[in-house]
Structures are given as structure tokens and as C-alpha cells.
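Everything on this sheet refers to the single structure shown next.
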Amino acid sequence: MTQSGYASERETTEGRVFTVTGGDWDTLTGSVDPLSNEKIVVNMGPQHPSTHGVLRLVLELEGETVQEVRPVVGYLHTGIEKNLEYRNWTQGTTFVTRADYLAPLFNEAGYCLAVEKLLGITDQITERANTIRVLFMELNRISSHLVWLATTGMELGAISMMLYGFREREYILDIFEETTGLRMNHAYFRPGGVAQDVPESAIKKIRDFLVYLPKKLKEYEDMLTGQVIWQERTKGVAVLDVTGCLSLGITGPVLRSAGLAWDLRKTMPYCGYENYEFDVPTATTADVWGRYQVRLAEIRESLKIVEQALDRLRPGPIFVADKKIAWPAQLAVGLDGMGNSLEHVAKIMGQSMESLIHHFKLVTEGFRVPPGQVYVAIEHPRGELGVHAVSDGGTHPYRVHLRDPSFVNLQAIPAMAEGALLADVIAGGASLDPVMGGCDR
Amino acid sequence: MGIEEKLPAGILLTSVEKVSNWARKSSFWGATFGLACCAIEMMAAGGPHYDLGRWGMEVFRASPRQADLMIVAGRVSQKMAPVVRQIYDQMPEPRSVISMGVCASSGGMFNNYAIVQGVDHIVPVDIYLPGCPPRPEMLIDAILKMREKVMAAPLGPNGKKMLEARKAEGKVPVVAPGAMPSSYRADKVRRAEWTQAVKEGREEQLRIENWMKLQPHLREGGK
Amino acid sequence: MTIEPSESATDGVPVSADPVGADFDAPAQTPASPRKGMFGISGTGDVSGFGGLVRRHPEVVGTPKPYGGYFDEVADALEEAYPGFADAIEKVVVDRGELTLHIKPERIAEVAQTMRDDESLRFELCSSVSGVDYLNSDARRLHVTYQLTSMTYRRRVRLEVAIPVGGTVPSVTSIYPTADWQERETYDMFGVVFTGHPNLTRVLMPDDWEGHPQRKDYPLGGVPVEYKGAEIPPPDQRRVYQ
Numbered sequence: 002m003t004q005s006g007y008a009s010e011r012e013t014t015e016g017r018v019f020t021v022t023g024g025d026w027d028t029l030t031g032s033v034d035p036l037s038n039e040k041i042v043v044n045m046g047p048q049h050p051s052t053h054g055v056l057r058l059v060l061e062l063e064g065e066t067v068q069e070v071r072p073v074v075g076y077l078h079t080g081i082e083k084n085l086e087y088r089n090w091t092q093g094t095t096f097v098t099r100a101d102y103l104a105p106l107f108n109e110a111g112y113c114l115a116v117e118k119l120l121g122i123t124d125q126i127t128e129r130a131n132t133i134r135v136l137f138m139e140l141n142r143i144s145s146h147l148v149w150l151a152t153t154g155m156e157l158g159a160i161s162m163m164l165y166g167f168r169e170r171e172y173i174l175d176i177f178e179e180t181t182g183l184r185m186n187h188a189y190f191r192p193g194g195v196a197q198d199v200p201e202s203a204i205k206k207i208r209d210f211l212v213y214l215p216k217k218l219k220e221y222e223d224m225l226t227g228q229v230i231w232q233e234r235t236k237g238v239a240v241l242d243v244t245g246c247l248s249l250g251i252t253g254p255v256l257r258s259a260g261l262a263w264d265l266r267k268t269m270p271y272c273g274y275e276n277y278e279f280d281v282p283t284a285t286t287a288d289v290w291g292r293y294q295v296r297l298a299e300i301r302e303s304l305k306i307v308e309q310a311l312d313r314l315r316p317g318p319i320f321v322a323d324k325k326i327a328w329p330a331q332l333a334v335g336l337d338g339m340g341n342s343l344e345h346v347a348k349i350m351g352q353s354m355e356s357l358i359h360h361f362k363l364v365t366e367g368f369r370v371p372p373g374q375v376y377v378a379i380e381h382p383r384g385e386l387g388v389h390a391v392s393d394g395g396t397h398p399y400r401v402h403l404r405d406p407s408f409v410n411l412q413a414i415p416a417m418a419e420g421a422l423l424a425d426v427i428a429g430g431a432s433l434d435p436v437m438g439g440c441d442r
Numbered sequence: 005m006g007i008e009e010k011l012p013a014g015i016l017l018t019s020v021e022k023v024s025n026w027a028r029k030s031s032f033w034g035a036t037f038g039l040a041c042c043a044i045e046m047m048a049a050g051g052p053h054y055d056l057g058r059w060g061m062e063v064f065r066a067s068p069r070q071a072d073l074m075i076v077a078g079r080v081s082q083k084m085a086p087v088v089r090q091i092y093d094q095m096p097e098p099r100s101v102i103s104m105g106v107c108a109s110s111g112g113m114f115n116n117y118a119i120v121q122g123v124d125h126i127v128p129v130d131i132y133l134p135g136c137p138p139r140p141e142m143l144i145d146a147i148l149k150m151r152e153k154v155m156a157a158p159l160g161p162n163g164k165k166m167l168e169a170r171k172a173e174g175k176v177p178v179v180a181p182g183a184m185p186s187s188y189r190a191d192k193v194r195r196a197e198w199t200q201a202v203k204e205g206r207e208e209q210l211r212i213e214n215w216m217k218l219q220p221h222l223r224e225g226g227k
Numbered sequence: 223m224t225i226e227p228s229e230s231a232t233d234g235v236p237v238s239a240d241p242v243g244a245d246f247d248a249p250a251q252t253p254a255s256p257r258k259g260m261f262g263i264s265g266t267g268d269v270s271g272f273g274g275l276v277r278r279h280p281e282v283v284g285t286p287k288p289y290g291g292y293f294d295e296v297a298d299a300l301e302e303a304y305p306g307f308a309d310a311i312e313k314v315v316v317d318r319g320e321l322t323l324h325i326k327p328e329r330i331a332e333v334a335q336t337m338r339d340d341e342s343l344r345f346e347l348c349s350s351v352s353g354v355d356y357l358n359s360d361a362r363r364l365h366v367t368y369q370l371t372s373m374t375y376r377r378r379v380r381l382e383v384a385i386p387v388g389g390t391v392p393s394v395t396s397i398y399p400t401a402d403w404q405e406r407e408t409y410d411m412f413g414v415v416f417t418g419h420p421n422l423t424r425v426l427m428p429d430d431w432e433g434h435p436q437r438k439d440y441p442l443g444g445v446p447v448e449y450k451g452a453e454i455p456p457p458d459q460r461r462v463y464q
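For the record, the sequence lines run as chains A, B and C. Letter by letter, the first sequence follows residues 2 to 442 of the working numbering. Letter by letter, the second sequence follows residues 5 to 227 of the working numbering. Letter by letter, the third sequence follows residues 223 to 464 of the working numbering.
Okay, here's the thing in C-alpha cells:
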């Protein structure tokens, strides 16, 4: 606050008179404004109900306005990538699946697609395996967006949305449990196919779910979309336009809410996505409201894809034909989860020596992947999930790096939050949909 | 804990102990400590399907000053460990800790540089709950066992002496692993079933069978 | 294991030395055999012979032109747009349908700028920056890979730089701000120092952590686990198939 910052002044008979011109006015008022004098540093610590897991935000506030925000991540760093180097290629699925725990099947899909590309068997993945993969990935997308709706609703005050979101998610988890044996972190996609076939009871459940969810979605939309408080809290909040998104590497619903229809399922398709009819919803407002619209619409598109995938399911094998890669066990869901089916055990112990040898070698040693490196990217509910896999020709991955969308998207928090109010930081952070497990791996 | 601790031993204290423990167990307020995947199952347990509100636990206090149960749900990384300890220290007595999931109990599948191999390295744990992640029903079972443990907790200085005496006799844990669950104790028929099963040595079997009878996809005979 | 020919005046043909102190009817002194046991192994007692397997690390060689697909277009466009192409590019590898350009570390920022700005390249999105530690297979151990995506042309390209431990790489944050945290992660996990980075600190590990965990010579850090009376060593100390 030097003299040069003040307007020119002179003493007169009336007292001190300031001559203020143009830009001087703000400096003058700013220097005596009592509110602006106080800068508080607030730590929204790793343990906080509104930060989507263990995210730490260090905020510099002036009044209610955020001047600076520094996100600190790493509170959930698990060393998954290093752990993978000490496990089989197949065992890698179980580790990778726990990175982003709200969309485990996507982590698995990215990893398996990378391994299959390294093996060179991408074309040999059977039709049924691809269809099942698409089916389950879309169901997982729906459940992930439901959790997003639930937690964002709760953070913005619509607490009943939390209950509704988790209730609908239970139906999807039932379907997953029926097929994979687990509600979360399934380890269902394996390099070469899927672990177990979809039972009839699960298909029936999916069909019932397809009828059930649209009605409920309509209810939630009615509850939130027209509501003034929701609109006030989401419209114009946390705006990040296309340039900002692209330079920060943001992909997914955030980028689509800014208007760019970039969806890897359409632009660089995988797993047979080019054969499905669906739209890529976008919004133009680039704010939390736009992202809400985009995610709701994406749930509806995913329902369409699930229906098409169900109609497309034809009987067939679920694993590649190459016995040296295909997981041999013909797993089945038993009383305590998924494990070797009894027929398979009978076969390897009683009938076929070759099957026993294959089983033994595949389970103890695993298959070898020719050396090289690949990068495979899929459209994760939060953006582009990339897997950079390097092989040195052995049975263990040499290096696997997960380019997780949450990690990259969180870089946008300062861009969205600085200059906004504290409550908008929450809304903006929620709209990015970060999952700290994926962010920190 | 206040005036209850200062009461002289006797019938009055026993009744106060029972009432106080009953009040504590019926209204556990959890501190939100969801870290990773187990946090989602904890939220699902709080959701409508597996309602924790049945036991007065639907409210998770964000402030540890108002909480008495910390459910460490998820993997605790090295960076997070001081935070866990700080939250635990900020909780007022009487407090309990449930370590939910294998990662919190023992490091789980992540036996590496980044994860603390069991949150009991940092805070004292009352109930360990394995699972990856444990189903909401398993979490509810752990909470029910926690309630039994709290119900049996002693009050006052004599209570502590009593606890020491029990330890010396070897009668801990207070709630033995095969103890009758509260859901069975409440129902006469089931209580009789349970006592019969204990005589035959198959009480865990009975629990599993009864649970399976309630699962639709297992009712139809598996697969 | 090579067999050293013993020194002798005759041209390299090995002859045995005369026995020392030989008496007329005493047995010949044979030199002590270096071999132990029946199979000549030491260590684990692995008699299968697989323990002696030596796997050759394949050398990554550049692909000759033409590369196929859009790779030629990308390489030609980059050559046109970036004048120092010839001495910036170390090699070009086309493998499994992906193009990898190995660049000299000091040129990476300029190359990235060209890739982003040039009309026929337009790689707007830097998808991923990650490190790999090629201990024992490359003198310049630490590699950093930049995955670039062109949304205009729907293409992907990988740029790779290699530095020895202690080397530095210019940061591409000023060109691709998304690389901010990703370079921090590469620094945190591998120790690659990015010059010109606005805030090169640890992002995943605690700030005062020592060491770079994802390097190959950093131990996994697990503890042995006791299960039903037996003790299982942590994953990096078990005997496993390589």
C-alpha cells in the first residue's frame, strides 16, 4: 500500500480531497475495505464429508470468496502400479480393478484390452465376450453415474437423492453379484475374455432393470431439474470452457458439457462399440448444470446400449480359443463366490491330462506376453482411462501405468474454483466426479 | 465419563451401567472415515436397502468431536496415517474403532510400501471385519458385535478392576467369537435353535443356512 | 560362463601343467575342482536346469520406412514443421499399430510445441505422461513417454525420451498444462527432474518421503505374512516364474 497506489490528494479547507480517475477507484476502496483485509487459510482436510474421498483442499478465502485453492492428493496412494510388477498378467486384473472402485469393470477392461493388444489377440476375442464386456461396462457406467447423482445431490443439499441413488445402484449390484460373485471389485474381465458366462437369471434381472430405471430417472429429474435451489447452485457455477478443458486434459462428461462431443466409444471405438446405436449427449453451458444434464442423458444412452447388447447376445465361447492364454477353469458362482466349477475339477483330475497341464501352467506360471509397449484408452464414466502397458517378454507386467481420468481432472479445481464462493468449490469439485482411488492409485 | 464413573459400587452402579451402556450402544454415531472401496459399501449399508437406521446409525457425524464410533473403511496409506491418528485423538471417550475390510485390518492385498499394514498400528481396534469389500450385511454384523461388546463394558473404577480380573482368568474377549447374536437372542424360537446348534457344535453352520434361506438367488439352488 | 584358455607357449592350445612334486609312484595331484556336488550348482538346489536360463532382452530397433497407415503422414509432417527433426529424433518404432518417436530429451519441449501447433499435426490433447524404469536393459534408465492424441485427425502418437539417473528433461507444462501433475507424479515415482516445471514436488507420496518408489531397485516394501503357522515372504521376495 504505497503512496503511489493512492489517488492524488491535497489538503483543502474542507479537509483532504482525493482526485480519483479511472482505475484509481478500486485501489482506493480496496485499501480501506474491511472485508478484503482478511485472508483466511482454511484446510478442507482429507477427512471431510463433501470431498469425495480423501481429497485435501487448502483454500485461501477472503470472506466467502476463494482466492486460491490448492488440491493435495496422494492420501490414498496404494502402489497398485508397482504391485502389478510382481504378479501375473491375469492376477493384474484383481489389482487394477481396485483403482477406481466406483467403476471397477472399466479399469479391468482397459487393462485387459492393453494386455490383449500386447498379445496381438484383439481380433480373436469372441463376439460373446465383447458383447458381455459392453453390457457390463454400460451397467457399470450407470451405477457410477448414479453414485455421482447421489453424492452430488447430498453435497448440494438434496440428501434424499443419496438414498435414491444408492437404492437404484443396489439393483445393478445384484446383477453383478449374480454374474461375477461380487458386488464390487469383480476381477471379471480377464485378458482373453471374461471369467464366467452370464447366467439366465442375471439376464432376466437386467431386463427387469431396464423397465424399472427409466421411471425412476424421470422422478429424480423432476425432483432436481425444475427446482430453483438446484438451478441456482448449479447454473453458472464452475465454468470451464473447451480451451480450458483441453489444455488441462479434461475428458469425459466435463468436456462434453463444454460442447465438444468427444467420446472414445464413438471416435476410437473398441470392443465392438461401433455396432451399437447411441448418441453422445453434450451441453453448451460448461457449468455444473451442463454436467448434470450430460450425465443424466448418458444414463439413458447407456440403457439403450444395454438393451442392444442383450439382444445381441448369442451363444458362444467367452474366451479366446488359444488354450495357452485362455483361463482354463470354467469358473462358476458358488455358495461363497466365484471359483472353479465342479465339472472342471472333475475334468482335470479325472479325464484330461492335457487340461490338467494347461491349468497348472496357466495358474502357476501364467502366459508370457511378447515384449513391447502399448497404450489403450477407453471411455470411462469420468473421462479417458488410458493404460500404458510395457512388457519385457515375461509372465509379469514390466510396467503398467493407469492414466486415470480423476487424477487429470482434479487439476481443474483451481481453474473452476478461484474467484468463486466456497459453496461453489464443493459444487465444482462434485461435478468433476473425482474418485480418489483412481486419482491416487 | 462423568458422574457415572464416580458412583460407589453396588446395585445402583450396576443399573446405571446397564442403562448407560444400553444408551451408548443404541445410538452409535459414526465418524465418517470412508477411504476407499469399503467406504462405498459403508454408504450402501447406510442406504435404504441395508438400512443402518434400524440401529440408530444412519447419521454419520462429520465432526469427530461428536462421534463415538470410527469405522476405518478402506486402505490407509502412509500419507493418511497421521490423519487417522488425529481424528481418533479428537474423538471424545468412550470411543470405539471398527476396522472394516482387509486393508484396514491387515494391509489386505496391498503388501507394499504405500499402505500401513493394519490400522491397529495406529489406533486401537475393537472389531476387525475382513472382506474385500465386506458386504453391508457383514458390516452390520460387525456393528452388532460392537454393540454387544459395549453392552458388556464395565463402568467405574471397580469395573476396570473387574475387567482386569477377567483378563487374568482368561475370560476375554468379552464377546466370545461364537456368542449368540442379538438377532437370535430376541426371538424365542431362534434362541432355542441356537442353543441346540451350540450343543451340536454347528452354530456357524446354522447362521449360514439361515442367511442363505433369505437370499433369492441361492434359494433357487445355486448358480 | 566362458572357458579361459590357459597360458602356454604353444599357440593357445590348452595343456595341463606338470604335476608338482611328483614322486615315482604317487598319485598325480589334480588341481582342485571348482565344481561342487553332483550337478555343479550353488544356491537353491534347483536341479531342473531352468535356473540357468538367460533371457535375452530384445533390442528395440527402429522401423524402416514406410511405416504404414497415418504414421508416415505424421512423421513427414513433423519433419516438415520442425527444422531440427533429423537430430532430434533418435529412432521411430512402429509396433502393434502404434507409432513411437524416440526424441532427444533436450528437444522434447520444442517437438511437443510443434506437434500441438502445426496444422497437419494438431495433437491438442496430451493424454498421458508416464515414466518407465528400464534398469539393466538400457544405460539411460529412465524413460518418459508422452501420449499425444489428435482429436482433429483421431490419431495417437507416443513420444519417448530416455535419460540416465540424474538427468533432466524440459517440462512440457507450458505447452500442455495437463502435464503438470503427471510430471509431478513421474518425478515422485521415478526421480525424473523436469526443468521449467512450475511446482515440481511430490504428489502421491508424503512430502518428506525419501526415494523414488517405482524404480526397479526400490523394494516393494511388504512385510512377511504369517498364515496358519507358516510364514509367507512378501511378494518381491518369493520364488516366482520370471
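Here a beta-carbon is modelled for each residue, glycine too, at the ideal position from N, C-alpha and C.
Excluding sequence positions up to five before and after T374 (chain C), its CB lies within less than 8 Å of the CB of R344 and E346, all in the same chain and listed in chain order. Per the coordinates, the alpha-carbon of S258 (chain A) lies some 9 Å from the alpha-carbon of D242 (chain A). Unbroken alpha helix (DSSP H) runs of no fewer than 4 residues, entirely contained in the region 69–124 of chain B, are found at 85–94 and 106–110, following chain order.
Within chain C, the residues whose beta carbon sits less than 9 Å from that of R404 (chain A) are S349, S350, V351, S352, Q369 and Q404, listed in sequence order. Residue environment: N108 (chain A) is assigned as buried (16 or more neighbouring CB atoms within 10 Å of its CB, all protein chains considered). Residue-level contact by beta carbon fails for T423 (chain C) and chain A, as no gap is shorter than 8 Å. With contacts defined by Cβ atoms closer than 8 Å, L218 (chain A) and R142 (chain A) do not form a contacting pair.
Counting along the chain, the unbroken beta strand (DSSP E) around T66 (chain A) starts and ends at T66 to V73.
Shortest Cα-Cα distance from S342 (chain C) to any of C:Y304, C:D317 and C:H324 involves C:Y304. Taken in chain order, the complete alpha helix (DSSP H) segments of 4 or more residues contained in the region 290–369 of chain C are 293–303, 307–310 and 330–339.
Taking 8 Å as the upper bound for CB-CB distance, L214 (chain A) and E169 (chain A) are in contact here, some 6 Å apart. Under the 8 Å Cβ criterion, the region 390–401 of chain A does not count as touching the region 227–234 of chain A, having fewer than three qualifying pairs. Residues of chain C with a Cβ closer than 7 Å to the Cβ of Q121 (chain B) are, in chain order, V445. With fewer than 16 other CB atoms across the displayed protein chains lying within 10 angstroms of its CB, T14 (chain A) is exposed.
Not one beta carbon of chain A lies nearer than 8 Å to the beta carbon of H125 (chain B).
The distance from the Cβ of T132 (chain A) to that of L386 (chain A) is about 20 Å, inconsistent with a contact at the 8 Å cut-off. Counting only runs of 4 or more residues that sit fully inside the region 355–396 of chain A, no alpha helix (DSSP H) segment turns up. Taking all protein chains in view, the Cβ of G250 (chain A) is crowded by 16 or more other Cβ atoms within 10 Å, so the residue is classified as buried.
The region 357–371 of chain A makes contact with the region 321–329 of chain A, as at least three CB pairs between them are under 8 Å. Boundaries of the beta strand (DSSP E) harbouring F416 (chain C): V415 to T417, taken from the DSSP string.
In this structure, H53 (chain B) lies away from E220 (chain A), with their beta-carbon atoms at least 8 Å apart. At a Cβ-Cβ threshold of 8 Å, G111 (chain B) and I119 (chain B) count as neighbours.
Looking at C:Y289, C:E302 and C:L321, the one whose alpha-carbon comes closest to that of R380 (chain C) is C:L321. The alpha carbon of R151 (chain B) has as its nearest neighbour, out of B:V23, B:S19, B:V20 and B:F32, the alpha carbon of B:F32. Following the DSSP letters along the chain, one finds M45 (chain A) inside the beta strand (DSSP E) bounded by residues I41 to M45. The beta carbon of Y132 (chain B) does not come within 8 Å of any beta carbon belonging to chain C, so the residue lies off that interface. Secondary structure of Y213 (chain A) (DSSP, three-state): helix. Spatial neighbours of G418 (chain C) in its own chain (CB-CB distance under 6 Å, excluding positions within 5 residues in sequence) are listed in chain order as P392 and S393.
Taken atom to atom, the span from the alpha-carbon of V377 (chain A) to that of A115 (chain A) is near 5 Å. Spatial neighbours of T91 (chain A) in its own chain (CB-CB distance under 7 Å, excluding positions within 5 residues in sequence) are listed in chain order as R191, P192, W328 and G367. When C-alpha distances from V315 (chain C) are compared across C:H365, C:K287 and C:G443, the shortest belongs to C:K287. Note on geometry: alpha-carbon atoms of D55 (chain B) and H146 (chain A) lie some 22 Å from one another. DSSP places N276 (chain A) within a helical segment (H, G or I) once states are collapsed to three. Put simply, the backbone Cα of G174 (chain B) is about 15 Å away from that of K164 (chain B).
Apart from sequence neighbours up to five positions away, the residues of its chain that approach L73 (chain B) with a beta-carbon distance below 6 Å are F32, G34 and S100, ordered along the chain.
About 17 Å separates the beta carbon of D101 (chain A) from that of G430 (chain A), a gap too long to meet the 8 Å contact definition.
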